Each structure stands twice: as C-alpha cells, then as structure tokens.
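Below is one structure, written out as structure tokens, with a few remarks after it.
Residue numbers (my numbering): 195 to 406.
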C-alpha cells in the first residue's frame, strides 16, 4: 500500500475539470499519481519510488494531464507547467496557463492547450489554443486557430481537434470540437486538415458526466 485517503463524496465534472494522473516512468523506477481520481477534492500530485515504495515528492495542485520525459523527469499541467526530477525536485517549467500536456515519442517536444491567464489563480477558457514547445526551451509552435486535445502521431506531427463556437454553454464551455482534425507538422511548420476515408473520421463526444 502506497498511501490512503478519505475519498469523501462524489461530484460533477465539467469539460475543463481536473483529470486523473497515474503514470510510470519509462524505466519503471518511479510512479506519478494524483489524488483526484480517488477524491474529487484531492489537490496533490505525488511521486513514488518503486524500489522502496517511498514518496519522493508531494505538491499541491489538481493536474489536467502529465507525461514523463528523459532523465526521469515528470512534467504536468496544473495551471502552470510543472516539472519534477530526482535531482531538483518540483520546479516551474513554464508559466503560461496550460491544460493537459503530452510528449513526443523521442522526448524532444511537449504539446498542450493554453487558456488565457487572467491572474495567478484564474483563467479564461473561452478560446483554447494549442502550443508545442521544445523540451529544454527554445523553439515553439502555435496553431493559428482554436484547438483542443493535441497528441503526437509521430515525433514531429501533432494531431489536434479544431474548436468552434458551442451552442451548449455551461459546463460544456464556449467552444466545442467542429469535427475537423488537423495535423501540425513541426518539420515544415505547416498546418492542414486530416483527410479520412469514409467511415474512419472520429465522432463528436459529449462532455460533462457525473462523478461518484
């Protein structure tokens, strides 16, 4: 047993709410986990060593996604983009307001969504944008339109969902996927719609489901 907590009552999740986190490092030396999947009001990200099952770090924050990168470093979005490493502990990686983060297979790039940061504790998610950054800083790319759910299909190509105005509002937010999937190519800095054969295009999803 790693740790215990009182799970408490359930609740309701919106589209842009926190997301569960449970990720092993590629060499299986460490485990990153958040309290949120077990307790809707949980506000901790924890790193454990699998060798001795001891907690190596705990920091307050409800994550919206995370990924391991080279040298046993873990990166997660909890408003700002944060990083943990065995040598430096928890540090700030980028100060923009990130929602979710994913990494390329070769470990050279990170991609996520950006919300407009209003102040230290608040944000505007009415116009979600995509952002792709080089691990270690330097080169950045940003698709021109509204975007959500970026993911690497190759080390240099990111697919993402195009966003447009939503008629649902409320917990669903001001935008929703249009049904168009776009591909951003880092090698050529080009951005174009993905063409699917009949029957293979992804379908729209319904957000907001009760939890607990």
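Every residue, glycine too, gets a C-beta built ideally from N, C-alpha and C.
These numbers were taken from a predicted model, which means no experiment stands behind them.
Boundaries (first-last residue) of the beta strand (DSSP E) holding residue i
i	result
residue 290	283-297
residue 382	No beta strand (DSSP E) contains residue 382, which DSSP labels as neither H nor E.
residue 210	Unbroken run through residue 210: none, as it is neither H nor E.
residue 275	267-279
residue 333	From DSSP, residue 333 is part of no beta strand (DSSP E); its letter is neither H nor E.
residue 261	260-263
Nearest-angstrom beta carbon gap, residue j and residue i [assumed within contact, 8 Å]
i	j	result
residue 376	residue 387	6 Å
residue 210	residue 319	5 Å
residue 328	residue 292	With 8 Å as the limit, residue 328 and residue 292 do not qualify as a contact, their Cβ atoms being about 15 Å apart.
residue 226	residue 260	6 Å
residue 267	residue 279	4 Å
residue 374	residue 356	4 Å
residue 342	residue 354	7 Å
residue 275	residue 252	With 8 Å as the limit, residue 275 and residue 252 do not qualify as a contact, their Cβ atoms being about 18 Å apart.
residue 324	residue 344	5 Å
Beta-ladder partner(s) of residue i, from DSSP
i	result
residue 238	254
residue 370	358
residue 325	306
residue 352	346, 378
residue 243	224
residue 318	310
Under the three-state DSSP convention, the category residue i falls into
i	result
residue 313	strand
residue 233	coil
residue 219	coil
residue 403	Low local confidence applies: a pLDDT of 35 at residue 403 is under 50, so the model's placement there is unreliable, with the coordinate-based value given in what follows. Coil, per DSSP.
residue 226	strand
residue 341	strand
residue 390	coil
beta-carbon residue i near the ligand MG non-hydrogen atom, thresh 8 Å
i	result
residue 342	Among the components modelled here there is no ligand, and therefore nothing to report on the ligand MG.
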